Structure formats: structure tokens, C-alpha cells
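Here the sequence shown stands for residues 0 to 95, numbered as in numbering that gives the first Met the number 0.
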Amino acid sequence: MVKNFDFVALFVADLLSPFIGPWNINDDTIGFIRASVSSGIENLKLRKRVKIGAPIISGTITSLGQSPVAADRIEAYVEIDFPKPLNTIGLHLVSI
């Protein structure tokens, strides 16, 4: 799970890095960031691989806006549902 979490974190950070510097904080910027993160979540849900599936099951932006303590910062909170590793199988044989 750690590798998958790191992959998703770096993926989303790469989506956001072009905004840092040339963009000003305003409603349009927040809208573009929201759209970028949302499309990134959808992209990750579709990246299915044999045996492991997609990197995420679902994701939701729970909060996105200008930081109340740093005027030059946007805070984004995203909840991600990650697939769980298969560690055990419970097998129950029933004689009929």
C-alpha cells in the first residue's frame, strides 16, 4: 500500500506543479485546479492492471481553497479509497 500511496501522491503533485508560480489565486485558478485534480482521479481509476487493478477505487475533493493562514497558498484535501492487498483467503469446503 505504501508504494501505491506514494505513486498517487506524486501523480497528483505533478498535476499541481504547473500552477505554482505563474498563476494568481482567484476563483478561476481554484476551478482549474479542481478540474485538474478531478480528471487526475478519473485517470487513476481507469489505469487497471492485471492482478492489481487500478491504483485507486475512488477519490473525492473534500476541500479546496485559499489558506486562511498563508495568502499565497491553496490548501487541497482529497479523500482517496485505495484497493486493499489480498493477504489471506478463507476457504470453506462444505460436503453435501
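For glycine and all other residues, C-beta sits at the position ideal for the given N, C-alpha and C.
Note that the coordinates shown come from a computational prediction; the quantities given were computed from them, not determined experimentally.
Between the C-alpha atoms of residue i and residue j, what's the straight-line distance to the nearest angstrom?
i: I40; j: P82; result: 14 Å
i: R72; j: F6; result: 23 Å
i: V36; j: V11; result: 7 Å
i: T122; j: E74; result: For residue 122 there is no data in the structure shown, the boundaries of the chain being 0 and 95.
i: A53; j: K2; result: 13 Å
i: L14; j: W22; result: 14 Å
i: H91; j: V68; result: 56 Å
i: K47; j: V93; result: 34 Å
i: V77; j: L85; result: 25 Å
i: V49; j: S38; result: 23 Å
Would you grab the beta carbon distance between residue i and residue j for me? Rounded to a whole angstrom, and I think it's under 8 Å.
i: G64; j: I79; result: About 19 Å; that fails the 8 Å criterion.
i: L43; j: I55; result: 5 Å
If you follow the alpha helix (DSSP H) that residue i is part of, which residue opens it and which one closes it?
i: L9; result: 1-15
Below 7 Å, is the gap between the Cβ of residue i and the nearest heavy atom of the ligand ATP?
i: I24; result: You won't find the ligand ATP in this model; it holds no ligand whatsoever.
Cβ pair count under 8 Å reaching 3, the stretch 31-50 against the stretch 10-19
yes
Would you mind listing the beta strand (DSSP E) stretches within the stretch 21-87 that are 3+ residues and don't spill past its ends, in chain order?
57-65, 73-80
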